[in-house]
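Data first, discussion second: the structure below is written as structure tokens.
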Amino acid sequence: MVFAILLALAGLTLSAVAIYYSVIGLTAVFAAAFWPVVVMGTTLELSKLVAASWLKAYWTEIPRAMKFYMSTAVVVLMVITSMGIFGFLSKAHLDQNIVSGDVQSKIAIYDEKIATAKGNIDANRKALKQMDEAVDQVMGRSADEKGADKAVALRRSQAKERTRLLSEIAAEQKTISQLSEERAPIAAEVRKVEAEVGPIKYIAKLIYGDNPDANILEKAV
């Protein structure tokens, strides 16, 4: 008796969950008519349960034509249930992809800004190195005091430019530090999304091999 009650509760719970996600999924597929789809989907799901119960109770008594009709109706309603559940899961996957795409775009913008700042630093350091080489060349051309004086004079003439370049390097380094701090929480969100997509990637690898692209991930779904 207890087992029968548990079995009935499990069946009703399964049916209730299937009805809920199926109806939600159907509203995702036909979003323009939310409430009509809710009413229709709920009615169809309840009708499926009643039809299946009726078939089981009167299977030996009803004519063959009625068996065929009602069985076909139940199968069609089961397909609709499956379609609704698939619609719900597909919507969840698409919503996840939208979030992932937005986050990846933000990361790309930050990476581009950081790369630009690093490029500016490299250019300024290269300019400073060229200035040092120019001073070394002047020193190397003459071993007397005049050569040293010329080198000192050249370095003094570079002082203003050197100060500007060093200031720009410091400013770009500060910019990189700030951008990296702003990028960190977004990168953490990317890792979170990648963890959520992990099971799909695993399925895609099993079916399509290693390194599946975005199109293959969609096929896996």
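Counting in this note's numbering, the sequence shown runs without a single skipped number right up to 221 at its last residue.
All C-beta atoms, glycine included, are put in the ideal place defined by N, C-alpha and C.
Verify whether the separation of the beta carbon atoms of residue 44 and residue 77 is less than 7 Å.
yes
With respect to the alpha helix (DSSP H) encompassing residue 60, which residues constitute its N-terminal and C-terminal limits?
Per DSSP, residue 60 belongs to no alpha helix (DSSP H) and is neither H nor E.
Tell me whether residue 1 sits in a helix, a strand or coil according to DSSP, three-state version.
coil
Rounded C-beta distance between residue 51 and residue 66? I'm assuming under 8 Å.
Actually they are not in contact, since the Cβ atoms of residue 51 and residue 66 sit about 11 Å apart, beyond 8 Å.
Taking residue 180 and residue 114 to be in contact with their CB atoms under 8 Å, please state how far apart those CB atoms are, rounded to whole angstroms.
7 Å
Mind reading off the beta-carbon distance from residue 139 to residue 151? Whole number of angstroms is fine, and I expect it under 8 Å.
5 Å
Within 7 Å, strictly: CB atoms of residue 25 and residue 85:
yes
Residues of its chain near residue 131, where Cβ-Cβ distance is below 6 Å and the 5 sequence neighbours each way are ignored:
158
Under the rule that 16 or more other beta-carbon atoms within 10 Å means buried, what is residue 48, buried or exposed?
buried
Closer than 6 Å by C-beta to residue 2: which residues in its own chain qualify, once you throw out the five before and the five after it? Chain order, please.
none
Neighbourhood of residue 165 by C-beta distance below 7 Å, restricted to the same chain and skipping five residues each side:
124, 127, 128
Report yes if the CB atom of residue 88 is closer than 7 Å to the CB atom of residue 20, and no otherwise.
no
At 4 residues or longer, what runs of the alpha helix (DSSP H) sit wholly inside the stretch 63 to 137?
none
Helix, strand or coil for residue 9? Go by DSSP, reduced to three states.
helix
Own chain, CB closer than 7 Å to residue 73, minus 5 neighbours either side, in chain order:
51
In terms of alpha-carbon separation, which member of 46, 29, 185, 108 lies closest to residue 14?
46
Beta-carbon gap between residue 135 and residue 189 smaller than 7 Å:
no
Reduced DSSP category for residue 173 - H, G, I as helix; E, B as strand; rest coil:
helix
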